[in-house]
DNA sequence: AGATGGTTTAACCAAATGGTTAAATATCTG
DNA sequence: CAGATATTTAACCATTTGGTTAAACCATCT
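Listed below in structure tokens is the structure:
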């Protein structure tokens with residue numbers, strides 16, 4: 005029995021290779037556009053191995069979702085708890101999301117498509133994580149309101165604003181940069197962005213919530 | 005020859021029925037998830053009729069895109085030109101987008117998926133329309149900056165913020181409302197939204213851009 | 001070395017899918 | 001009404017796709 009790897013990590017090396025390939029293909033093509041053959045091929049593995057190691061397409065996709073969205077909620081929670089003032093907490097909240105997106109290029113397309121299809125493929129755990137994240141944001145805003153630094157706003161709406169802006173910007177920017185016919189002036193319309201997209205979002209959202 | 009309809013409108017009644025069905029299916033399932041048989045079935049038409057009236061899947065999808073995103077750019081342009089002050093222009097800009105989304109439930113999923121797949125299926129015309137829209141926004145912001153009412157920001161980024169927020173909110177809200185296990189407090193986290201989503205976006209974006 | 005059992009693979013399969021065809025059915029014109 | 005043309009349809013087809021199988025491969029233990 006050569007289960008040494010499985011015993012230690014819970015996942016074999018081959019399984020990780022497959023997951024990584026799948027992440028890429030699902031991100032590029034979406035669930036129904038992704039082909040099991042292509043995933044196997046990109047992982048450098050026979051298709052039967054894929055089925056042996058992981059299971060059917062649904063299971064594979066669930067694994068990818070877990071890999072991509074698995075620990076974001078936790079990271080947000082800890083980062084927020086480290087900050088003190090509501091404004092810092094909100095900035096941390098946004099920064100963690102931006103960092104997650106930055107370190108994971110597959111996140112935006114997968115998440116955008118999930119939202120587009122009403123989160124039908126999202127496992128309950130992930131939805132609960134998201135709910136918890138919004139609850140954290142609600143706490144930050146509530147606190148800020150009490151301390152007189154934030155105006156009254158809907159936390160759910162603000163969360164959509166943060167996520168929507170970051171996801172949309174990440175992808176739209178690459179689309180824009182891909183159009184050879186665009187005049188240079190147009191292409192530089194966001195080069196003046198000071199700092200990361202996350203910082204830009206934080207700056208604008210904080211201004212928007214600022215009590216005068 | 006019964007081309008009376010085609011001669012007048014350029015599109016027959018059957019073709020419109022098919023386009024409408026296709027819009028729904030593409031919105032729900034995405035390009036690769038959509039099945040020609042289902043579209044034909046939902047249109048109450050034989051599949052061969054679909055091919056006779058419209059053509060292959062690509063052509064059909066192009067038709068849907070045209071139907072969904074066709075005249076948004078134009079509407080934005082005229083609405084903005086009607087307003088006078090930069091703040092009013094920006095509000096009009098946002099309101100038109102929100103109205104387009106509201107009167108067209110298929111727009112958000114289709115657009116989100118397009119962005120997710122790097123706009124690969126978007127015809128050049130549509131991309132040019134979008135570029136024009138951002139140019140309009142750049143004009144508004146530039147004017148506002150000169151008049152000392154707006155801060156310095158990237159128009160492209162602000163456009164992503166507006167689109168991202170509206171699209172994300174529209175879909176995320178329906179996802180949230182579908183989760184029976186969510187506590188009522190969570191579900192009401194955005195019921196306090198004063199007015200439409202568009203108005204909420206306008207309020208926040210204007211606050212964010214406001215020079216103090 | 002040989003037996004054991006986990007792992008990989010080439011070949012295979014049934015179902016689904018985009019697209020076509022030839023015949024049937026309306027519709028219009030003279 | 002008859003002929004011509006436009007439109008719809010049932011049946012069909014080639015290919016793709018998710019998934020399986022039986023045999024080969026390989027690390028380990030005795």
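Residue numbers (the numbering used here), protein chains in the order written: chain X, 5 to 216; chain F, 5 to 216. No residue lacks a Cβ here, since even glycine has one placed at the ideal position from N, Cα and C.
At a cut-off of 8 Å between beta carbons, residue 161 of chain F contacts chain X. Separation of the CB atoms of residue 125 of chain F and residue 35 of chain F is rounded to 6 Å, and the pair is thereby assigned contact status at 8 Å.
Check the Cα spacing between residue 120 of chain F and each of X:60, X:166, X:31, X:18: the tightest is with X:31.
Taking CB atoms only, residue 98 of chain F has no neighbour in chain X less than 8 Å away. With contacts defined as CB atoms closer than 8 Å, residue 58 of chain X and residue 206 of chain X fail to qualify as a contacting pair. Looking at the DSSP output, residue 214 of chain F sits in a beta bridge with F:154.
Annotation: the continuous alpha helix (DSSP H) that includes residue 27 of chain X extends over 17 to 37.
The criterion of a C-beta distance shorter than 8 Å is satisfied by residue 204 of chain F and residue 197 of chain F. Rounded to whole angstroms, the separation of the alpha carbons of residue 118 of chain F and residue 130 of chain F is 11 Å. Straight-line measurement puts the Cα of residue 202 of chain X at about 29 Å from the Cα of residue 183 of chain F.
Rounded to whole angstroms, residue 158 of chain F and residue 149 of chain F show a C-alpha spacing of 12 Å. For a Cβ distance threshold of 9 Å, nothing in chain F lies close to residue 203 of chain X: the least Cβ distance comes to about 11 Å.
Listed along chain F are 158, each with a C-beta nearer than 7 Å to that of residue 196 of chain X. In the DSSP assignment, residue 57 of chain F falls within the unbroken alpha helix (DSSP H) covering 51 to 57.
Of the candidates X:113, X:25, X:177, X:25 places its Cα closest to the Cα of residue 48 of chain X. The C-beta distance from residue 180 of chain F to residue 186 of chain F rounds to 7 Å, short enough to fall under 8 Å. Per the C-alpha coordinates, the member of X:147, X:72, X:167, X:163 positioned closest to residue 91 of chain X is X:147. Residue-level contact by beta carbon holds for residue 142 of chain F and chain X, with a gap shorter than 8 Å.
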